[in-house]
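Take a look at the structure set out below.
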Amino acid sequence: MPVLSPTWTDERIELLKRHFEAGLSCREIAADIGVSRNAVIGKLSRLNLTRGRTNDDRKVQDRGPARAQRAVPRLQYEMLATIYGDTDAPVATGPIDDANRCSLLELAENRCRWPISTPGAEDFCFCGNSAPDGQPYCAGHSRLAYRPNARARVMRG
DNA sequence: CCCTGATTCGC
DNA sequence: GCGAATCAGG
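Converting from the first sequence to the numbering used here requires adding 1012 to each position, the first position being numbered 1.
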């Protein structure tokens, strides 16, 4: 990939579909391919590959001031517990080696168990990278599997 | 307060 | 067509 920035080529779309059918989340797919989550979702929507809601039942899309403020439920408790329970994330962003892919039988405690391809497929395998003790994934995939950094949210008033 | 999915809208 | 922004639900 020299100088050009191939947005969505066949290979990317293939990977997109593959991971999508594999059951991976949009964020996982986005992280794997190297694009933003919205890019993945946008492409999927464009390809009419959306999983659930494909019906345009949406009624309120008026981005005007007529936005009814919803009463925030007590779900806040769960959210607060999540952030309070979290202390530190020693997730070191490491390079993901695709050359160490191994099958399920070759998996070990110190091997990354990141699923590759669709489960059941012939080319289905795992990352197989060196994973820290106690961690199912390697440093690179751990970043994808677990909570990533505090994403900077852009809020425009 | 965070995350994911899907649609809308500007480029 | 692509992607950020936005909306809606969990």
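Note that CB positions come from ideal geometry on N, CA and C, so glycine has one too.
Legend entry - residue 1141 - containing alpha helix (DSSP H), residue span: It is not in any alpha helix (DSSP H) - residue 1141 carries neither H nor E in the DSSP assignment.
Legend entry - Through-space distance from residue 1024 to residue 1063, alpha-carbon basis: It is roughly 19 angstroms from the alpha-carbon of residue 1063 to the alpha-carbon of residue 1024.
Inset, instruction - For residue 1123, write down the residues that DSSP places opposite it in a beta bridge. - result: Looking at the DSSP assignment, residue 1123 forms a beta bridge with 1142.
Inset, instruction - Would you list the one or two residues that DSSP bridges to residue 1038? - result: None, per the DSSP bridge assignment.
Inset, instruction - State buried or exposed for residue 1033, treating a residue as buried only when at least 16 other CB atoms are found within 10 Å of its CB. - result: The residue in question, residue 1033, is exposed, as its Cβ has fewer than 16 Cβ neighbours within 10 Å.
Legend entry - Which residues DSSP lists as bridging residue 1114, in chain order: 1138.
Legend entry - Proximity winner among 1045, 1124 and 1122, relative to residue 1031 (alpha-carbon distances): Out of 1045, 1124 and 1122, 1045 has the C-alpha closest to the C-alpha of residue 1031.
Legend entry - Cβ neighbours of residue 1112 in the same chain (closer than 6 angstroms, five flanking residues each side left out): Residues of the same chain with a CB within less than 6 angstroms of the CB of residue 1112, apart from the 5 flanking positions on each side, are 1140 and 1141 in chain order.
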